[in-house]
Structure formats: structure tokens, C-alpha cells
Amino acid sequence: MDDGSDCLVLKIILVGDSLVGKTCILQRYIDNTFDHSYMSTIGIDFKVKTLHLNGRFVKLQIWDTAGQERFHSISTRYFRGAHGLLIIYDITNALSFDNVTGWMKDVNANAGENVDRVILGNKCDLEETRVVSKERGEKLAWECGVHFFETSAKNNINIEKAFSALVEGIMNKS
Ligand code: GDP
Ligand code: MG
4 MDDGSDCLVL
14 KIILVGDSLV
24 GKTCILQRYI
34 DNTFDHSYMS
44 TIGIDFKVKT
54 LHLNGRFVKL
64 QIWDTAGQER
74 FHSISTRYFR
84 GAHGLLIIYD
94 ITNALSFDNV
104 TGWMKDVNAN
114 AGENVDRVIL
124 GNKCDLEETR
134 VVSKERGEKL
144 AWECGVHFFE
154 TSAKNNINIE
164 KAFSALVEGI
174 MNKS
């Protein structure tokens with residue numbers, strides 16, 4: 004976790020079904036922008052954000068999956084060395100919510116059961132087409148023993164909070 008200097012490097016991974024908003028969440032967190040026309044490309048990409056926490060620098064290396072999640076074929080290597088995961092569904096897509104359990108299993112098998120995780124119900128700005136209640140999200144997260152937030156990458160709701168909760172959880176362990 005430590006790279007030798009006084010800078011901690013944390014590997015964070017975004018998982019969840021295709022189109023739930025992973026790339027938009029990352030873009031919002033890193034650049035504070037939202038781009039409707041974002042095109043996914045096949046490959047794995049990460050972005051870096053440096054935080055100053057409790058008197059030290061923490062470098063977040065945040066990995067986004069671009070396309071592979073469609074085939075549920077994310078390579079095991081991708082999860083190696085992960086400190087934290089955001090598992091994301093779309094509140095307007097029931098299947099993406101049902102698949103959270105599957106993603107959780109993948110994560111347990113590949114990243115280990117001790118890796119910190121937070122569940123996000125994204126697109127909470129789309130109240131009129133919501134199909135997954137907030138209560139169902141909260142219940143699932145409670146059963147998994149993890150934090151939960153409803154987010155909107157579009158309207159910048161709870162994005163910062165979700166990453167902070169994850170990082171805090173990781174830091175409290177180390
Ligand atoms: P990914 O496949 O999980 O990376 O999903 P993307 O980030 O590419 O987003 C998929 C689609 O959902 C795009 O059309 C986005 O504009 C849209 N989207 C992402 N986040 C939000 C959000 O918070 N609210 C709304 N209304 N749309 C979103
Ligand atoms: Mg994407």
C-alpha cells in the first residue's frame with residue numbers, strides 16, 4: 004500500500020453492469036463534469052486523484068471497466084491488490100440491481116472478502132423512472148454489511164461522499 008514516500012496509494016475499482024454509470028461517476032469525481040456523449044471503449048483504464056487526509060497524501064488509483072463488464076469477463080488480474088470497490092447499479096434498471104449479488108460474489112472470489120466495498124444506486128435524479136426503491140438498496144447493503152448511497156453523476160449527488168466513505172473504511176483498517 005505504501006510506495007516508500009509518505010504517499011499512500013490505494014487501488015479502487017468500479018464494478019457493475021454496463022450502462023449503470025461507472026464512467027460518468029468516475030468522470031464526475033475526477034473532473035467534476037458530466038458528458039452525455041461519453042463513448043465506452045474496450046479496455047481497462049484508471050485515473051488518479053490525490054487527497055490530503057490526516058496530514059498525509061493519499062493517491063487514489065481508480066480503475067474503470069470499459070466494456071468487459073458486458074461479458075462478465077473481468078480478468079482476475081484486474082482485482083489483484085485492490086483496497087476498495089464501488090459496486091454500482093442503476094435505480095431505473097432492476098436487472099442491474101439483481102446483478103449486484105453476482106458482482107459481490109465475483110469480488111469475494113477475486114479480490115477477497117476483506118476488501119472494503121460500498122454499494123451505489125446511481126441515477127437517483129431519475130425519480131420518475133425509478134424501479135428499485137431506496138429501501139431495497141439499503142436492505143441489500145445492510146445484509147452485505149457495507150455502506151450505501153444513492154448517487155447521481157449527472158446532478159453531482161453523493162459522489163464525493165461515496166468515495167470518502169470508501170477511503171475512510173480502508174484507512175480505518177490500515
Ligand atoms: P458505464 O457503462 O457503467 O460506464 O455507464 P456510463 O457512465 O457510460 O453511463 C451510461 C449512460 O447513463 C450514459 O448515457 C450516461 O449519460 C447515463 N448516466 C450515467 N450516470 C447518470 C446519472 O447519474 N443520471 C442520469 N440521468 N444518467 C446517467
Ligand atoms: Mg464505462
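For the working numbering, add 3 to where a residue sits in the sequence shown, where the first one is 1. Even glycine gets a Cβ: it sits at the ideal position worked out from N, Cα and C. These numbers were taken from a predicted model, which means no experiment stands behind them.
Using 7 Å as the cut-off, classify the Cβ of residue 154 as near or not near the heavy atoms of ligand 2, replying yes or no. no
Have a look at residue 176 and residue 63 and give me their C-alpha separation to the nearest angstrom. Straight-line Cα distance between these residues: approximately 16 Å.
Which ranges does the alpha helix (DSSP H) cover as unbroken runs of at least 4 residues, wholly within the region 93-172, from first to last along the chain? Runs of alpha helix (DSSP H) with 4 or more residues, each lying fully within the region 93-172, are found at 97-101, 103-114, 137-147, listed in chain order.
Can you determine whether any heavy atom of ligand 1 sits closer than 7 Å to the C-beta of residue 36, and answer yes or no? Residue 36 Cβ: outside cutoff for every heavy atom of ligand 1.
When we look at the beta-carbon of residue 151 and count the other beta-carbons within 10 Å, is it buried (16 or more) or exposed? Residue 151 counts as buried, since at least 16 other C-beta atoms from the protein chains shown sit within 10 angstroms of its C-beta.
I'd like to check one pair, residue 13 with residue 61: are the Cβ atoms closer than 8 Å? yes
Output the boundary residues of the beta strand (DSSP E) element that contains residue 11. First-last of the beta strand (DSSP E) with residue 11: 10-18.
Between residue 18 and residue 106, which are expected to be in contact by the criterion C-beta below 8 Å, what is the C-beta distance as a whole number of angstroms? 5 Å
Taking the beta carbon of residue 31 as the centre, do at least 16 other beta carbons fall within 10 Å, making it buried, or is it exposed? That one is buried.
I want to check one thing, is the minimum distance from the CB of residue 126 to the heavy atoms of ligand 2 below 7 Å? no
Is any heavy atom of ligand 1 found at a distance shorter than 7 Å from the C-beta of residue 88? no
Element boundaries [alpha helix (DSSP H), containing residue 29]: 25-34
State the Cα-Cα distance for the pair residue 159 and residue 35, rounded to the nearest angstrom. 8 Å
Please name the residue in 26, 79, 100, 84 whose C-alpha comes closest to that of residue 142. 100
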